[in-house]
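Asks: Quick one: the structure is below, questions incoming.
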Amino acid sequence: MKKKLPAVRPNVGIEAEYRESLQKMIERMHRSVMYWVTAAYRKNEPEIAKDELPARALQRSMKRLARRWEKNIDEVAPKLAAHFARSTLTRSDKALERILRNGGMTVKFTLSKPMRDVLQAKIAENVSLIRSIPSQYFTQIEGKVMRSVQRGRDLSELVPDLQKQYGVTRRRAALIARDQNNKATSAYQVARQTSLGLEEGIWMHSGGGQHPRPKHVAANGKKFKLSEGLPVGDKGQKVLPGEEINCKCVWRPVIPGLT
Ligand SMILES: [Zn+2]
27 MKKKLPAVRP NVGIEAEYRE SLQKMIERMH RSVMYWVTAA YRKNEPEIAK
77 DELPARALQR SMKRLARRWE KNIDEVAPKL AAHFARSTLT RSDKALERIL
127 RNGGMTVKFT LSKPMRDVLQ AKIAENVSLI RSIPSQYFTQ IEGKVMRSVQ
177 RGRDLSELVP DLQKQYGVTR RRAALIARDQ NNKATSAYQV ARQTSLGLEE
227 GIWMHSGGGQ HPRPKHVAAN GKKFKLSEGL PVGDKGQKVL PGEEINCKCV
277 WRPVIPGLT
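The following block contains the structure:
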């Protein structure tokens, strides 16, 4: 048996699946906004610029659309978040089981009470992130539409602005998927490994990012307690690999008594 086990890495397939689900949802929302904006402008041009009434009506109708999408996404968020959090847990458990088996230990994980708590926390975290997508998006879209109306601009000037916001929202979804996949894997692994009496890890810096954190590069190879982490957080706080935004670092579990 080796004294250090290989690291468990976040599963890229799950990240891709989560990202695609979020982006599909955003695409449907954006398409409905573009449809609505086009129809509203066609109906009101050219008096849209001069008259205050159409502007107010436009704003009301836009708010209705925003509320409808917020409600839709509120409803799908728990299901989507649960699916993501559960798949991440299943894959994370399978990966650790395989690593332990190769090291000569047979373990079959079950959904224990502490594990269920971690799972519930991850579901809740993702539900609120998913719900924040339409509210952030519509705040920006409403602002852009109302400014366009006030300045008497036409649709051809507004559309590129709305498309740009669509891109921003899609990229935010990609970041959520990547970051939550790293964070969930990290949290699940800490819970599982400590339940097995594995209490330490060797930090492994994972590049790939264009802007590696120098503190994480320096942490590479350092031993830490899974209950504590290393003081390499962006604010100097103790963090675990994969815990900070966009951090792809992982760790190798240390088998106690053998180092
Ligand atoms: Zn890192």
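Under my numbering, residues 27 to 285 are what the sequence shown spells out, in order.
Here a beta-carbon is modelled for each residue, glycine too, at the ideal position from N, C-alpha and C.
With a threshold of 8 Å (Cβ to nearest heavy atom), would residue 239 be considered close to ligand 1?
Replies: Yes - ligand 1 has a heavy atom lying nearer than 8 Å to the Cβ of residue 239.
Asks: For residue 27, does the count of other Cβ atoms within 10 angstroms reach 16, so buried, or fall short, so exposed?
Replies: Its pLDDT being 46, under 50, residue 27 is placed unreliably in this model, and the coordinates cannot settle the point.
Asks: Looking only at its chain, what residues have a beta carbon closer than 7 Å to the beta carbon of residue 192, apart from the 5 residues adjacent to it on each side?
Replies: 56
Asks: Hey, how far is the Cα of residue 251 from the Cα of residue 212?
Replies: Their backbone Cα atoms lie some 13 Å apart in a straight line.
Asks: Is there contact here, the stretch 138-147 with the stretch 178-187, by at least three beta-carbon pairs under 8 Å?
Replies: When Cβ pairs closer than 8 Å are counted between the two stretches, the stretch 138-147 is seen not to touch the stretch 178-187, the count staying below three.
Asks: Just to check, is the beta-carbon of residue 232 closer than 8 Å to a non-hydrogen atom of ligand 2?
Replies: For the structure depicted, ligand 2 is absent and the ligand set comprises only ligand 1.
Asks: For ligand 1, I want to know if residue 274 counts as a neighbour, meaning its beta carbon is within less than 8 Å of at least one of the ligand's heavy atoms.
Replies: For ligand 1, at least one heavy atom lies less than 8 Å from the Cβ of residue 274.
Asks: With burial defined as no fewer than 16 other Cβ atoms inside 10 Å of the residue's Cβ, what is the status of residue 137: buried or exposed?
Replies: exposed
Asks: Using the Cβ count rule (16 or more neighbours within 10 Å means buried), how would you classify residue 322?
Replies: Any question about residue 322 goes unanswered here, given that the chain covers just 27 to 285.
Asks: Counting Cβ pairs closer than 8 Å, one from the stretch 36-54 and one from the stretch 228-248, do we hit at least three?
Replies: no
Asks: So, at 6 Å on beta carbons, what are the nonlocal neighbours of residue 91 in its own chain, with the 5 sequence-adjacent residues on each side left out?
Replies: 62
Asks: Measuring CB to CB, does residue 228 end up less than 9 Å from residue 277?
Replies: yes
Asks: Taking C-beta to C-beta, are residue 30 and residue 279 nearer than 9 Å?
Replies: Taking 9 Å as the cut-off, the Cβ atoms of residue 30 and residue 279 count as close.
Asks: Just to confirm, is the Cβ distance from residue 103 to residue 37 under 9 Å?
Replies: No, these two residues do not count as a Cβ contact at 9 Å.
Asks: If we ignore side chains and look at the alpha-carbon of each, how far apart do residue 54 and residue 254 end up?
Replies: 42 Å
Asks: Looking only at its own chain, which residues have a Cβ that is under 6 Å from the Cβ of residue 184, when we skip the five neighbours before and after it?
Replies: Excluding sequence neighbours, residue 184 sits near 174.
Asks: Quick one: is the Cβ of residue 109 within less than 8 Å of any heavy atom of ligand 1?
Replies: no
Asks: What do you get for residue 204, buried or exposed, if any count of 16 or more other CB atoms within 10 angstroms of its CB means buried?
Replies: Around the C-beta of residue 204, 16 or more other C-beta atoms lie within 10 Å, and the residue is accordingly described as buried.
Asks: Look up residue 277 in the DSSP assignment and give the residues it is bridged to.
Replies: 229
Asks: Residue 171 and residue 88 - do their beta-carbons sit closer together than 9 Å?
Replies: yes
Asks: Compute the distance between the beta-carbons of residue 210 and residue 156, then report whether it is under 9 Å.
Replies: no
Asks: Buried or exposed: which applies to residue 285, given that a residue is buried once 16 or more other Cβ atoms fall within 10 Å of its Cβ?
Replies: For residue 285, the predicted structure reports a pLDDT of 48, less than 50, and the residue's modelled location is therefore unreliable. A value from the coordinates is still provided. It counts as exposed.
Asks: Check whether the Cβ atoms of residue 52 and residue 195 lie closer than 9 Å to each other.
Replies: yes
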